[in-house]
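Residue numbering for the sequence shown follows the UniProt record's numbering, beginning at 1 and increasing consecutively.
Working notes, beginning with the structure itself.
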Amino acid sequence: MKKNHEELVEAIKRGENAHQFSLDQQDILVEQHTSGMTIEEEMRFFEIYAQESDALNAEVEANTQKILEDTERRNQGADNVGKMIGGVIIFLITIFVLFKVM
């Protein structure tokens with residue numbers, strides 16, 4: 001499952017159609033791993049494969065959430081620095097104007 005996921009990511013990076021690539025992977029999976037299996041064995045194989053797929057999707061989702069949270073923290077930090085710089089500039093302009101008026 002993980003190998004298929006990595007191949008899919010690489011295909012997406014190359015600009016290939018993710019949906020079509022995934023369908024092709026499924027066809028290969030069926031051809032390579034289920035030939036000679038009984039219906040019950042095939043069903044069990046795909047049940048395990050689906051469980052592994054769900055686990056991998058949960059891992060990818062958790063990693064994505066962590067990246068989003070890290071990005072949000074960085075953006076918030078940059079926003080705070082920008083506000084500080086803006087505040088200092090406004091303060092300096094105010095001081096400059098007050099001294100010009102006096």
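Note that the Cβ used here is the ideal one computed from N, Cα and C, for glycine as well.
All values reported here derive from a predicted model rather than from experimental measurement.
The criterion of a C-beta distance shorter than 8 Å is not satisfied by Thr38 and Phe45.
Counting only runs that start and end inside the region 6-80, the alpha helix (DSSP H) elements of at least 4 residues fall at 18-33. Distance check between Val30 and each of Arg74, Met43, Val81, Gln76 places Met43 closest, using alpha-carbon atoms only. For the pair Gln51 and Lys3, the Cα-to-Cα distance works out to about 15 Å.
The three-state reading of DSSP puts Met1 in coil, since its state is none of H, G, I, E or B.
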